[in-house]
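Q:
Residue numbers (our numbering), protein chains in the order written: chain H, 222 to 520; chain C, 222 to 520.
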């Protein structure tokens, strides 16, 4: 059983996976049973990986993965959940900056209360669950979950399917988008959807830029000064996330250049790699790994 | 029993205190048993209030109260705790903006984790307790309290007296100052104290500006780029809080112009007035009101 990793593996990984190699050359790829890599790297490795049975990504999102190159029967496992705590903290930082007007020097801004308001979380996975937990435990929020499935259903006061979003989005004081980018979620927050939000709503995106339509949220923020939008994720131009959005011109916008996950934080990154290794270990020993990607969501 | 209030009293106050009047003229003041007012208004009313037995302030802080004009034996009750939830939310908004670099467009800023870090809370009253609660429940922080007394001691993992601050301030990743301004706390965060903080420490002030020495925190932030400071409270020049501080020039500073309490929020303000009325009701009916000011702390 040969496992190849494009990231240097910490000691805990080497204990779990004694057959894993983080130094290898091109000739090793055809013999590999399992590949551990970042989604875009699969473009290079998949065509050569003649014996591959499973792929484990280091990233939580797999929307960049070249699923069309994947041989039939090969499973892909994402690293969903590995960055949940830092991304959920980041989502709350965006919410609170917008709610309280932090950094605004003049006294024209009036802060909005957080305690007890309606928090709507799009996506019930690792990040969405941690956002729900902080909202409930930290600020006694009423938490409305909108997702296909819920990792921790007990954290949500209401649970809805994503198909109901149009009818319930107007109930939320705060909306946090933690959605992966799939065929279903691409552009789900378009003008028709966004224009239904409540007065003074705060919308935050820590999922993927493209789940929100950039032109549409810009239009909404221009038309409705009461609505505020914050994002850590931006829209890709030619495959590369472009942090230069015209949203930055607007007073009711704030953001960060995709620094909410492991960016610049070695502890978060190392822990995420260890999570990936644990998942591969479970796959090998029991056949039961988490975060198996539903390839039909992407192709 | 005549009660005079300088703020319009909501219906709940009128039920609790049928003898309270929020419309009165100068001739009524000498007959008043209890005055409900903002601290600075006491300058006008106290000299005329010949029958006054107690004064209830609408504000939590009483550092602006003219204690030298207070006849012997007259009690002053503050409204400590009435703004706790919104001010504690505000403190966390300042912390999170600084920890996550919200609004910084370039990728040079690396976010800091919040979960599980050491949170030091200066002041164990209403605001300090709510800050401790959010830290513990929302972010699993280890909470170190520094105060003369603790309203909710169960929320603190460690409790220290303010006299120990110099020896323990270096343990904190995050320091939240919720202190009232008294003889004891005036300038307590001076250069000698501030220079002892841990690498990458975040310091936030929602107490009173003057508990921090403006020149000293400016010097510290210039010398140590790793330390970050956020404040909602500024330093008074000629008795008026001046939001034009040179701290705004600095990249490792953020603030808000004292908007953390009831500013622009009628619900918070009305609730604070009701809290004051409840306290007066308790004083009248049982003699036991909360937040009795220790006048010797100020004179």
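By construction, the Cβ of each residue, glycine as well, lies at the ideal position given by its N, Cα and C atoms.
In this text the structure is predicted, and so the values were computed from the model without any measurement.
1) If you draw a straight line from the C-alpha of residue 516 of chain C to the C-alpha of residue 345 of chain C, how long is it?
2) Check the Cβ-Cβ distances between residue 242 of chain C and every residue of chain H, and say whether any is below 7 Å.
3) In the segment 337 to 399 of chain C, which residue ranges form an unbroken alpha helix (DSSP H) of at least 4 residues, counting only runs that do not cross its ends?
4) For residue 264 of chain H, which of H/290, H/327, H/518 has the nearest alpha-carbon?
5) Please report the straight-line C-alpha distance between residue 267 of chain C and residue 439 of chain C, rounded to a whole angstrom.
6) For residue 475 of chain C, which residues does DSSP report across the bridge?
7) Three or more C-beta pairs closer than 8 Å, one from the segment 374 to 386 of chain H and one from the segment 346 to 354 of chain H: is that the case here?
8) Please work out which residues of its chain come closer than 7 Å, Cβ to Cβ, to residue 301 of chain C, disregarding the five sequence neighbours upstream and downstream, and give them in chain order.
9) Using a Cβ-Cβ cut-off of less than 8 Å, give me the residues of the segment 335 to 361 of chain C that come near chain H, in sequence order.
10) Please list, in chain order, all residues of the same chain as residue 397 of chain C whose beta carbon is under 6 Å from its beta carbon, the five residues on each side excluded.
11) Measuring alpha carbon to alpha carbon, tell me which residue in C/259, C/275, C/232, C/389 is nearest residue 223 of chain C.
12) Return the CA-CA distance between residue 310 of chain H and residue 362 of chain H, expressed in angstroms with no decimal places.
13) In whole angstroms, what is the alpha-carbon distance linking residue 477 of chain H and residue 225 of chain H?
14) Please confirm whether residue 273 of chain C and residue 299 of chain C have their CB atoms less than 7 Å apart.
15) Listed from N- to C-terminal order along the chain, which residues in the segment 420 to 436 of chain C have their beta-carbon within a distance smaller than 9 Å of any beta-carbon of chain H?
16) Return no unless some Cβ of chain H is closer than 7 Å to the Cβ of residue 314 of chain C.
17) Our contact map puts residue 369 of chain H next to residue 390 of chain H with C-beta atoms below 8 Å; I'd like the distance itself, whole angstroms only.
18) How would you list, in chain order, the residues of chain H whose beta-carbon sits under 7 Å from the beta-carbon of residue 323 of chain C?
19) Which residue or residues does DSSP assign as beta-bridge partners of residue 277 of chain H?
20) Checking 7 Å against the spacing of the C-beta atoms, do residue 437 of chain C and residue 415 of chain C come in under that value?
21) Could you tell me whether the Cβ of residue 231 of chain C comes closer than 7 Å to any Cβ of chain H?
22) Of the choices C/466, C/468, C/421, C/427, whose alpha-carbon is the least far from that of residue 445 of chain C?
23) Output needed in chain order: residues of the segment 296 to 311 of chain H with a Cβ under 7 Å from some Cβ in chain C.
24) What span of residues does the beta strand (DSSP E) with residue 461 of chain C cover, start to end?
25) Just how far apart, CA to CA, sit residue 249 of chain C and residue 432 of chain C?
26) Just the Cα atoms here: how many angstroms apart are residue 461 of chain C and residue 261 of chain C?
27) Between the C-alpha atoms of residue 510 of chain C and residue 337 of chain H, what's the straight-line distance to the nearest angstrom?
28) Taking DSSP as the reference, what is the three-state secondary structure of residue 321 of chain H?
29) For residue 440 of chain C, which three-state DSSP category applies?
30) Starting from residue 457 of chain C and walking both ways along the beta strand (DSSP E), at which residues does that stretch end?
A: On the basis of the coordinates in this document:
1) Against the second chain, residue 516 of chain C aligns to sequence position 295. Against the second chain, residue 345 of chain C aligns to sequence position 124. A straight line joining the alpha-carbon of residue 516 of chain C with that of residue 345 of chain C spans about 19 Å.
2) Counted from its first residue, the second chain places residue 242 of chain C at position 21. Not a single CB atom of chain H sits nearer than 7 Å to the CB of residue 242 of chain C.
3) The qualifying runs are 347 to 354, 386 to 389.
4) Counting from 1 along the first chain, the entry for residue 264 of chain H is found at position 43. Residue H/290 is the option with its Cα nearest to residue 264 of chain H.
5) For the purposes of this step, residue 267 of chain C is identified with residue 46 of the second chain, where counting begins at 1. For the purposes of this step, residue 439 of chain C is identified with residue 218 of the second chain, where counting begins at 1. In this structure, the alpha-carbon of residue 267 of chain C lies about 39 Å from that of residue 439 of chain C.
6) Counted from its first residue, the second chain places residue 475 of chain C at position 254. Answer by DSSP bridge pairing, in chain order: C/451.
7) Yes: at least three Cβ pairs fall under 8 Å.
8) Sequence index remark: in the second chain, residue 301 of chain C carries index 80 (1-based). Closer than 7 Å at the Cβ level, and outside the excluded window around residue 301 of chain C, lie 281, 346, 347, 512.
9) Taking 8 Å as the cut-off between beta carbons, the residues of the segment 335 to 361 of chain C near chain H are 335, 336, 355, 358, 359, 360, in sequence order.
10) Counting from 1 along the second chain, the entry for residue 397 of chain C is found at position 176. So the qualifying residues of the chain are 312, 342, 352, 425.
11) One-based indexing of the second chain puts residue 223 of chain C at position 2. Ranking the options by Cα distance to residue 223 of chain C, first place goes to C/275.
12) What you label residue 310 of chain H is simply residue 89 of the first chain in a count that begins at 1. What you label residue 362 of chain H is simply residue 141 of the first chain in a count that begins at 1. Those two C-alpha atoms are separated by around 16 Å.
13) If you number the first chain from 1, residue 477 of chain H lands on position 256. If you number the first chain from 1, residue 225 of chain H lands on position 4. Distance between the alpha carbons of residue 477 of chain H and residue 225 of chain H is about 33 Å.
14) Here residue 273 of chain C refers to the residue found at position 52 when the second chain is read from its first residue. Here residue 299 of chain C refers to the residue found at position 78 when the second chain is read from its first residue. Result no, Cβ atoms of residue 273 of chain C and residue 299 of chain C do not sit closer than 7 Å.
15) Close to chain H, meaning a Cβ-Cβ distance shorter than 9 Å, is no residue of the segment 420 to 436 of chain C at all.
16) By 1-based counting over the second chain, the position of residue 314 of chain C is 93. Cβ-Cβ to chain H under 7 Å: yes for residue 314 of chain C.
17) Residue 369 of chain H sits at position 148 when you count from the first residue of the first chain. Residue 390 of chain H sits at position 169 when you count from the first residue of the first chain. No, residue 369 of chain H and residue 390 of chain H are not in contact; Cβ-Cβ is about 17 Å, not under 8 Å.
18) Along the second chain, one-based indexing puts residue 323 of chain C at 102. What residue 323 of chain C touches in chain H: 314, 315, 318, 475, 477.
19) On the first chain, residue 277 of chain H is found 56 positions in, with the first residue counted as 1. Looking at the DSSP assignment, residue 277 of chain H forms a beta bridge with H/257, H/298.
20) Your numbering for residue 437 of chain C matches position 216 in the second chain. Your numbering for residue 415 of chain C matches position 194 in the second chain. Yes, these two residues count as a Cβ contact at 7 Å.
21) On the second chain, residue 231 of chain C is found 10 positions in, with the first residue counted as 1. No - not a single Cβ of chain H is within 7 Å of the one on residue 231 of chain C.
22) Position 224 of the second chain, counting from 1, holds the residue named residue 445 of chain C. The candidate whose alpha carbon is nearest that of residue 445 of chain C is C/421.
23) Contact annotation: in the segment 296 to 311 of chain H, residues whose CB is within less than 7 Å of a CB in chain C are 306, 307, 310, 311.
24) Here residue 461 of chain C refers to the residue found at position 240 when the second chain is read from its first residue. Start and end: 461 to 463.
25) Along the second chain, read from residue 1 onward, the residue named residue 249 of chain C stands at position 28. Along the second chain, read from residue 1 onward, the residue named residue 432 of chain C stands at position 211. About 38 Å.
26) Locating residue 461 of chain C in the second chain gives position 240, where the first residue counts as 1. Locating residue 261 of chain C in the second chain gives position 40, where the first residue counts as 1. Roughly 11 Å between the two C-alpha positions.
27) Here the question's residue 510 of chain C lines up with position 289 in the second chain. Here the question's residue 337 of chain H lines up with position 116 in the first chain. Computed Cα separation, rounded: 28 Å.
28) For the purposes of this step, residue 321 of chain H is identified with residue 100 of the first chain, where counting begins at 1. Here residue 321 of chain H sits in helix by DSSP.
29) Here residue 440 of chain C refers to the residue found at position 219 when the second chain is read from its first residue. In the structure shown, the three-state DSSP call for residue 440 of chain C is helix.
30) Translated into the one-based positions of the second chain, residue 457 of chain C becomes position 236. Boundaries of the beta strand (DSSP E) around residue 457 of chain C: 456 to 458.
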